[in-house]
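Remarks on the structure that follows.
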Amino acid sequence: MAEPIYKIDFTVKRANPPEPPTVTPTDVQPAGYYGDDKVALVTFALSEVVDGHRYRIEIVDGNGAYDITELLDAVDRVVSYTIPAAWTAAGTATLQLVEIEIGEDGTETAVMYYPPARLLFEARDNGPSGVDMQARWQELMSAAELASAQAREAAQRVVAAQHIIENGEGIAKGASALAAAALQQAGDACEKAAEAFERSKAIGSVWVGSGPMPEGYNLQIDPNGEALTMDEELNAESQNPVSNRAITAAINGLVTCGDDEPTADTPGTLYVQFI
5 MAEPIYKIDF TVKRANPPEP PTVTPTDVQP AGYYGDDKVA LVTFALSEVV
55 DGHRYRIEIV DGNGAYDITE LLDAVDRVVS YTIPAAWTAA GTATLQLVEI
105 EIGEDGTETA VMYYPPARLL FEARDNGPSG VDMQARWQEL MSAAELASAQ
155 AREAAQRVVA AQHIIENGEG IAKGASALAA AALQQAGDAC EKAAEAFERS
205 KAIGSVWVGS GPMPEGYNLQ IDPNGEALTM DEELNAESQN PVSNRAITAA
255 INGLVTCGDD EPTADTPGTL YVQFI
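Here the sequence shown is numbered in the numbering used here, starting from 5 and rising by one per residue.
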């Protein structure tokens with residue numbers, strides 16, 4: 005940082021009742037030209053410093069605009085401030101040092117306003133006398149507003165995240181219930197499949213095809229076979245798979261006439277008794 009071209013020193017005497025506080029010199033001090041930025045350094049040398057007290061500098065510039073600095077500390081009993089371009093409107097600027105007591109909760113209480121100190125800023129021949137720049141207090145307010153907006157946005161994000169978490173818990177519980185139901189249904193399906201498999205083993209398999217039925221099959225379906233037509237009467241010439249002809253021959257072979265009872269030698273003889 006370049007050294008300031010102008011250095012304006014004021015001596016500040018704290019109030020000693022009945023004597024009031026004083027700031028000297030009291031006449032206007034030259035401090036440069038309109039538009040100079042941090043070219044002039046102003047200092048306030050304090051006769052007494054109270055522990056815990058801090059300072060601000062208020063200014064009314066040559067156009068009547070007001071501004072105020074951030075909190076300043078006294079270093080070796082001197083409060084210093086480099087003049088920004090926003091304070092350099094052509095004309096006389098009035099500066100006033102304010103002593104501030106800071107409470108435990110950070111609150112500020114102005115305990116003393118010192119007499120004004122005056123600076124002169126000359127107009128430039130090639131420009132207007134006014135300064136179109138944002139005042140320091142406006143910069144501070146803008147920064148505070150930005151911080152507040154960021155804090156609000158962060159709070160909104162926290163609320164949104166909490167909402168997502170709460171909904172997520174509900175969704176997770178619902179998904180867990182659905183998963184449990186699906187698992188139960190899968191278990192039931194497995195049991196039913198096992199039962200069907202056991203029944204299929206008990207029933208046996210069906211052989212579809214012509215020719216002799218292989219082992220392990222209990223039923224044959226011959227797609228090339230003839231349609232089954234059952235005879236209504238016993239017929240020795242029947243061609244049914246379960247032949248009426250065979251049944252008829254068997255019955256005819258079992259029929260006997262007479263009074264003999266069936267014996268162990270002829271256990272299947274059909275006995276016909278005439279009355």
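All C-beta atoms in this analysis are idealised placements derived from N, C-alpha and C, irrespective of residue type, glycine included. Only a predicted model underlies this, so the values are computations on that prediction, with no experimental measurement involved.
Of all the options the options, which has the alpha carbon lying nearest to the alpha carbon of residue i?
i	options	result
I106	Y10, H57, P218	H57
E74	T96, E103, V115	E103
D77	A97, L50, A94	L50
D80	G110, E195, P22, F48	F48
M116	Y59, E241, V82	Y59
I72	A181, A97, P22	A97
T15	P21, E23, P29	P29
A19	P216, P119, G110, A90	P119
Q33	L123, P21, K196, D129	L123
D13	P21, A181, D31	D31
So, for residue i: in the same chain, excluding its five sequence neighbours on each side, which residues have a beta-carbon less than 6 Å away from its beta-carbon?
i	result
L99	I61, I63, A121
A114	V102, I104
S84	T47
V53	A78, R81
Short of 7 Å in beta carbon distance, which residues of its chain neighbour residue i, apart from the five on each side in sequence? Order them along the chain.
i	result
A94	Y38, G66, F125, E126, A127, S133
K17	P25, T26, S51
Q277	Reliability fails at Q277, whose pLDDT of 46 lies under 50, so the model's placement of it is uncertain and the value that follows must be treated cautiously. Cβ within range, chain order: n/a, list empty.
Can you look up residue i in the DSSP assignment and give me helix, strand or coil?
i	result
E7	coil
G2	In the structure displayed, the chain extends from 5 to 279; residue 2 sits before or after that span and is not available.
E199	helix
F278	Low per-residue confidence applies at F278: pLDDT is 47, beneath 50, and the placement is therefore not dependable, though the value from the model is reported in the following sentence. Coil at F278, not helix or strand.
D13	strand
D136	Interpretation of D136 is limited by its pLDDT of 47, a score under 50 that renders its predicted location unreliable; the figure taken from the coordinates is listed afterwards. Of the three classes helix, strand and coil, the one that applies to D136 here is coil, per DSSP.
T273	In this prediction, T273 scores a pLDDT of 48, lower than 50, which makes its location untrustworthy; the coordinate-derived value is nonetheless stated afterwards. In this structure, T273 counts as coil in the three-state DSSP scheme.
Leaving out the 5 sequence neighbours to the left and right, which residues in its chain are closer than 8 Å to residue i when beta-carbon positions are compared?
i	result
S214	D226, P227, N228, G229
G36	I9, Y10, V43, A44, I87, T92, F125, E126
How far does the beta strand (DSSP E) with residue i in it extend, from its first residue to its last?
i	result
V32	From DSSP, V32 is part of no beta strand (DSSP E); its letter is neither H nor E.
> Quick one: complete beta strand (DSSP E) runs, 3+ long, within the stretch 43–127?
Replying inline: 44–50, 57–64, 70–72, 82–86, 95–106, 112–117, 121–126
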